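Visitor: Numbering (full-length UniProt numbering), first residue to last: 1 to 96. Positions of the beta carbon are idealized from the N, C-alpha and C atoms, including for glycine. Note that this is a predicted model, so its numbers are computed, not measured. Dropping a structure here in structure tokens format, bear with me for questions.
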């Protein structure tokens, strides 16, 4: 089972919410759970003025980095025509 916390489209989840999710996931009896929490930022946003053009570019770069990691994990975890892959894309990436 591969899980990502704090996706850009969703709100912050409390530690209790994450613990509840992991407890519920035990029902699926996975052999391995990979829990990912993104901390690194490839673009140094601390030096960018909020609301400026640089902030916009930094945000786009952050999202590009994030979604490329999501799609990379989909490539590894699911076949191209998998129903599970389609469900993951609809829930976490939105309508196409």
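Just the Cα atoms here: how many angstroms apart are residue 64 and residue 71?
Guide: For this step, residue 64 is matched to residue 64 along the chain shown. For this step, residue 71 is matched to residue 71 along the chain shown. Taking the straight line joining both Cα atoms gives about 11 Å.
Visitor: Do residue 33 and residue 25 come within 8 Å of each other at the CB atom, strictly closer than that value?
Guide: For the purposes of this step, residue 25 is taken as residue 25 along the chain shown, with counting starting at 1. For the purposes of this step, residue 33 is taken as residue 33 along the chain shown, with counting starting at 1. The answer is yes: Cβ separation under 8 Å.
Visitor: Would you please state the rounded distance, in angstroms, between the beta carbons of residue 84 and residue 78? I believe it to be under 8 Å.
Guide: Reading the chain shown from its first residue, position 84 is the one you call residue 84. Reading the chain shown from its first residue, position 78 is the one you call residue 78. The pair is a contact, with the Cβ atoms about 6 Å apart (cut-off 8 Å).
Visitor: Roughly how many angstroms separate the alpha carbons of residue 67 and residue 90, rounded to a whole number?
Guide: On the chain shown, position 67 is the one that residue 67 refers to. On the chain shown, position 90 is the one that residue 90 refers to. For residue 67 and residue 90, the distance between alpha carbons rounds to 14 Å.
Visitor: Going by DSSP, what residue range makes up the alpha helix (DSSP H) through residue 81?
Guide: Walking along the chain shown from the start, residue 81 turns up at place 81. Note, residue 81: premise wrong, no alpha helix (DSSP H); not H, not E.
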